[in-house]
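Protein chains in written order, with the working numbering: chain U, 2 to 101; chain P, 2 to 101.
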């Protein structure tokens, strides 16, 4: 399993609307994609406009090819894109170790 | 529960040694701290010197006060600090939503 980690910074003061939009987009669009395994949405304490979105995929290509080249990607960006203050920074990770 | 998210960049070519050191430090030092709830260590695919360390704490102060002001913090940094190419960037998050 692969972790997609997306650094998101939104426009100030739009947290409440974005909280609804990102969960809607994940549930209605992303979660139906091939290889989708789950998500977590984290909100910054020190930086209230900062969100860290974690999406778990079976393979790297499930995100970079199957999702990004699908119509679902456009639908997702239509929902969450207007909130972005800058393009999200996205990279992928493998799990080295965990305790839980 | 609070997520501590630490962005770590290590010196090139030291991945194997750092993989052992960070797990050792987490198991032998951090996991015995007050309010510790768990950890995950993630290794970058696109950026092989990048690690994202997630530590879950009961409260923010369990990390920022109880851990950082303890001798355990020095012990932890003695184990992992020599690998750091730059000071880690650390912030804290609350969980907005998750699917798993």
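Ideal placement from N, C-alpha and C gives every residue a C-beta, glycine not left out.
1. According to DSSP, simplified to helix, strand and coil, what is residue 87 of chain U?
2. If you follow the beta strand (DSSP E) that residue 43 of chain P is part of, which residue opens it and which one closes it?
3. In this structure, does DSSP put residue 33 of chain P in helix, strand or coil?
4. Check residue 60 of chain P in the structure and name its three-state DSSP category.
5. Let's test the definition: count the other Cβ atoms within 10 Å of the Cβ of residue 87 of chain U and tell me whether it reaches 16, buried, or not, exposed.
6. Give a yes or no on whether the C-beta atoms belonging to residue 63 of chain U and residue 53 of chain U are separated by under 7 angstroms.
7. Where does the unbroken alpha helix (DSSP H) through residue 72 of chain P begin, and where does it stop?
8. Less than 7 angstroms between C-beta atoms, sequence neighbours within five positions excluded: which residues of the same chain meet that for residue 13 of chain U?
9. Please confirm if residue 98 of chain U has its CB atom under 7 angstroms from at least one CB of chain P.
This is what the structure holds:
1. Here residue 87 of chain U refers to the residue found at position 86 of the first chain. Residue state, collapsed to three classes: coil.
2. Taking the first residue of the second chain as 1, we reach residue 43 of chain P at position 42. From DSSP, the beta strand (DSSP E) with residue 43 of chain P extends over 37-45.
3. Within the second chain, numbered from 1, the residue matching residue 33 of chain P stands at position 32. Residue 33 of chain P: helix per DSSP, three-state reduction.
4. Within the second chain, the letter at position 59 stands for residue 60 of chain P. DSSP places residue 60 of chain P in coil when its eight states are reduced to three.
5. As a working mapping, residue 87 of chain U is identified with position 86 in the first chain. Exposed, since its Cβ has fewer than 16 Cβ neighbours within 10 Å.
6. Against the first chain, residue 63 of chain U aligns to sequence position 62. Against the first chain, residue 53 of chain U aligns to sequence position 52. Against a cut-off of 7 angstroms, the Cβ pair of residue 53 of chain U and residue 63 of chain U comes out as no contact.
7. Here residue 72 of chain P corresponds to residue number 71 of the second chain, with the count starting at 1. First-last of the alpha helix (DSSP H) with residue 72 of chain P: 72-81.
8. Taking the first residue of the first chain as 1, we reach residue 13 of chain U at position 12. Answer for residue 13 of chain U: 50, listed in chain order.
9. The sequence position of residue 98 of chain U within the first chain is 97, counting from 1. So, interface residue.
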